[in-house]
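These notes are about the structure you will find just below.
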Amino acid sequence: MKARNIKAADLFCGAGGTSTGAQMAADACGVRLELTAINHWDVAIETHSANHPGARHLCADVNDVRPETFFKRGELDWLFASPECTHFSKARGGLPVDDQRRCGARRVLDWAERIYPARI
């Protein structure tokens with residue numbers, strides 16, 4: 001029996017810590033990971049590319065990316081996201097500086113509503 005591929009997207013991917021964990025899980029299960037990684041910062045994408053050369057990379061603001069461009073509804077197995085959290089936490093020590101910075105978590109919900117990933 002042919003091993004199934006796992007399709008995954010890593011939003012706000014940074015250098016790839018979450019992607020590394022996903023790759024380790026896929027390897028442990030004997031499946032191939034087809035990874036799409038998105039981040040707005042070119043340095044993060046360059047680093048992620050070095051850490052995950054087999055991934056598809058997009059240097060773009062997640063808010064400007066249409067998930068349907070990459071995935072059909074129900075096609076994505078895993079959706080990972082690490083949006084900025086410092087402006088959601090009281091541990092930061094104050095009120096949010098800019099509400100625009102808080103939109104990352106909402107964008108994850110937009111992806112879920114548009115393409116119905118199996119796991120988030």
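Position one of the sequence shown corresponds to residue 1 (my numbering), numbered consecutively onward. In this text, a Cβ means the ideal position worked out from N, Cα and C, and glycines have one as well.
Buried or exposed by the 16-neighbour rule on C-beta atoms within 10 Å, applied to glycine 16: Position 16 of the sequence shown, counted from the first residue, corresponds to residue 16. Classification for glycine 16: buried.
Contact set for proline 67: own chain, Cβ-Cβ below 6 Å, skip 5 residues either direction: Counted from its first residue, the sequence shown places residue 67 at position 67. Result list for proline 67: Trp111, Arg114 and Ile115, in chain order.
Residues near glutamate 75 in its chain [Cβ-Cβ closer than 8 Å; skip 5 each side]: Translated into the one-based positions of the sequence shown, residue 75 becomes position 75. The answer, listed in chain order, is Lys7 and Ile115.
Which residues DSSP lists as bridging isoleucine 6, in chain order: Here residue 6 refers to the residue found at position 6 when the sequence shown is read from its first residue. DSSP output for isoleucine 6 lists Leu33 as bridge partner(s).
Identity of the residues DSSP links to asparagine 51 by a beta bridge: What you label residue 51 is simply residue 51 of the sequence shown in a count that begins at 1. Bridge partners of asparagine 51: none, in fact.
Neighbourhood of aspartate 61 by C-beta, 7 Å cutoff - its chain only, sequence neighbours within 5 removed: Counting from 1 along the sequence shown, the entry for residue 61 is found at position 61. If we look at aspartate 61 and ignore the five residues flanking it on each side, its Cβ neighbours are His40.
Unbroken beta strand (DSSP E) run spanning cysteine 59, endpoints: Taking the sequence shown and counting its residues from 1, the one referred to as residue 59 is at position 59. That run of the beta strand (DSSP E) goes 56-59.
Under the three-state DSSP convention, the category leucine 109 falls into: Here the question's residue 109 lines up with position 109 in the sequence shown. In the structure shown, leucine 109 sits in a helix (DSSP, three-state: H, G or I).
Opposing strand residues paired with leucine 76 [DSSP bridges]: One-based indexing of the sequence shown puts residue 76 at position 76. DSSP, once it has assigned bridges, lists no residue as partnering leucine 76.
Isoleucine 45 in three-state terms, based on DSSP: Translated into the one-based positions of the sequence shown, residue 45 becomes position 45. In this structure, isoleucine 45 counts as helix in the three-state DSSP scheme.
Presumed contact (8 Å Cβ cut-off) between phenylalanine 80 and aspartate 10, rounded CB distance: For the purposes of this step, residue 80 is identified with residue 80 of the sequence shown, where counting begins at 1. For the purposes of this step, residue 10 is identified with residue 10 of the sequence shown, where counting begins at 1. Indeed they touch by this definition, with Cβ atoms about 5 Å apart.
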